[in-house]
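**Student:**
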C-alpha cells in the first residue's frame, strides 16, 4: 500500500520542482510540469524546449485537466468546495483546517505559559534582590541598636567605675585617719607604761595628767554609711531602664507602607514611613506591582488584637 502511494506521488510530481503539481500544464510531447516551473524554465532559454527532454515543444500547451483535480498539498482528489476561500479542497484539507482553531488556541495557551514562566523567572530574581535589600536594612537597623546598647554599656560601666573610685578614695582617707589615731594611741600607751615603771612619788605626781591623757583616746573607728557601692542603683531593673531609655531613640510608627503595592514611579523610604516620586525616566524597584494608579497600600498595626488593617493612600500632588 505504501509502495503504491509512493508511485502515485511520483506520478503526480513535477520533474522540475519535485513537488505535487500546481496548475499542471501538459506539452505536446506528453510531459507535464507546473505552470510556474515551465514559465521559469522558458524564461532562461531562447526557445520553448521541453525541460525534461530539452527537445523542441511545438504547438499550443494545454492544461492537464486530470491533474487539476488533485490537491497540490495532499495528492488527493478535490471533492469539496470551500465557501470561505471559494476554491476546491480535498478531505484532508477540511480535516486539517478543522484542527487549526484548536491549534491556535493551544499556541495561545503556550504563549501565555511562556509569558508566565518568564514573569516567574523575573520575579525570582526580584525576590532575591528584595531579600538582599531587606537583609542589609535589618543589619543596618540592628547595628543602630547595637551601637545604642554599646554606648549605654560604656556609660553605665563608667558610672560604676566612678563610684568605685570614689568609694576607694573615701576608704583610703578613712584608713589614713585610723592610722594617725593608732599612732597617737600607741604614743599614749607607751607613755603610760613608762610612768608605771617609775617610783611611787613621781607616779603620783603625774597621775592626774596621765589619767586625762588616757581618757582622751578617740572613739572606735567607724566606716560610716555609704561605704559600699550602691548595687541596687546599677543593677536594679537594668534591662527595663535600658529599654525605657531606648524608647527615646526608637520611634514607633503605627502605619507603614507596603512596598509590593507601589505605583511604578513611587519610591518608599527605607523605614517604610514615607515615599517620594521620581521622573518617569526611572523605574521603581517594585516592578511587579499590580496597581496601575498612583496608590499605595499601607498597613496599620493593631497590637492589641495582633492583626493588621490595610489602608489605601490615594492620589497625591507633587509640590514643586
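In full-length UniProt numbering, the protein residues as written are 1 to 320. Where a beta carbon is used, it is the ideal one built from N, C-alpha and C, also for glycine. Since this is a predicted model, take the numbers as computed values, not measurements.
(1) If you drop the 5 nearest sequence neighbours on each side, which residues of the same chain put their C-beta closer than 7 Å to that of residue 275?
(2) Of the residues 120, 147 and 211, which one's Cα is nearest the Cα of residue 193?
(3) Mapping DSSP to helix, strand and coil, what is residue 269?
(4) Can you tell me whether residue 273 is buried or exposed? The criterion is at least 16 other CB atoms within 10 Å of its CB, across all chains shown.
(5) Report the start-end ranges of each beta strand (DSSP E) in the UniProt domain "RING-type" (14–51) that is 3 residues or longer and not cut off at the edges.
(6) Do residue 234 and residue 160 have their beta-carbon atoms positioned less than 7 Å apart in this structure?
(7) Do you know how far the Cα of residue 123 is from the Cα of residue 113?
(8) Run through DSSP, which three-state label would residue 198 get?
(9) Exposed or buried, residue 14, counting other C-beta atoms within 10 Å across all chains shown (16 or more means buried)?
(10) Buried or exposed, going by whether 16 or more other CB atoms sit within 10 Å of the CB of residue 171?
(11) For residue 17 versus residue 37, is the C-beta distance shorter than 7 Å?
(12) Quick one, are the C-beta atoms of residue 142 and residue 249 less than 7 Å apart?
(13) Out of 44, 162, 116 and 245, which one is the CA nearest neighbour of residue 151?
(14) Quick one: measure Cβ to Cβ for residue 51 and residue 43, integer angstroms, because I've assumed they're closer than 8 Å.
(15) Run through DSSP, which three-state label would residue 228 get?
(16) Using three-state DSSP, classify residue 250 as helix, strand or coil.
(17) Going by other Cβ atoms of all chains shown within 10 Å of its Cβ, with 16 needed for buried, is residue 231 buried or exposed?
(18) Take residue 253 and list the residues in its own chain whose beta-carbon comes closer than 7 Å to its own, dropping the five residues that flank it on each side.
**Tutor:** On the basis of the coordinates in this document:
(1) As a first step, residue 275 is located in the chain shown; it is residue number 275 there, counting from the start. Contacts found: 257, 266, 267, 268, 269 and 296.
(2) Residue mapping note: residue 193 aligns to position 193 of the chain shown, counting from 1. When only C-alpha atoms are compared, the closest one is 211.
(3) Here the question's residue 269 lines up with position 269 in the chain shown. Note: residue 269 maps to coil in three-state DSSP.
(4) Looking up residue 273 in the chain shown gives position 273. Classification of residue 273: exposed, given that the 10 Å Cβ count is below 16.
(5) Taken in chain order, the whole beta strand (DSSP E) runs of length 3 or more contained in the UniProt domain "RING-type" (14–51) are 24–26 and 32–34.
(6) Stepping through the chain shown from its first residue, residue 160 is reached at position 160. Stepping through the chain shown from its first residue, residue 234 is reached at position 234. Yes.
(7) As a first step, residue 113 must be located in the chain shown, where it is residue number 113. As a first step, residue 123 must be located in the chain shown, where it is residue number 123. Roughly 15 Å between the two C-alpha positions.
(8) For the purposes of this step, residue 198 is taken as residue 198 along the chain shown, with counting starting at 1. Coil at residue 198, not helix or strand.
(9) Counted from its first residue, the chain shown places residue 14 at position 14. So residue 14 ends up on the buried side.
(10) Translated into positions along the chain shown, residue 171 becomes position 171. By the 10 Å Cβ count, residue 171 comes out exposed.
(11) Taking the first residue of the chain shown as position 1, residue 17 is located at position 17. Taking the first residue of the chain shown as position 1, residue 37 is located at position 37. Yes, these two residues count as a Cβ contact at 7 Å.
(12) For the purposes of this step, residue 142 is identified with residue 142 of the chain shown, where counting begins at 1. For the purposes of this step, residue 249 is identified with residue 249 of the chain shown, where counting begins at 1. Contact flag unset, no.
(13) Taking the chain shown and counting its residues from 1, the one referred to as residue 151 is at position 151. Measuring from the Cα of residue 151, the nearest candidate turns out to be 245.
(14) Position 51 of the chain shown, counted from the first residue, corresponds to residue 51. Position 43 of the chain shown, counted from the first residue, corresponds to residue 43. Residue 51 to residue 43, Cβ: 12 Å. No contact.
(15) For the purposes of this step, residue 228 is identified with residue 228 of the chain shown, where counting begins at 1. In this structure, residue 228 counts as coil in the three-state DSSP scheme.
(16) Locating residue 250 in the chain shown gives position 250, counting from the first residue. Here residue 250 sits in coil by DSSP.
(17) Along the chain shown, one-based indexing puts residue 231 at 231. When all chains shown are included, residue 231 counts as exposed.
(18) In the chain shown, residue 253 corresponds to position 253, counting from 1. If we look at residue 253 and ignore the five residues flanking it on each side, its Cβ neighbours are 273.
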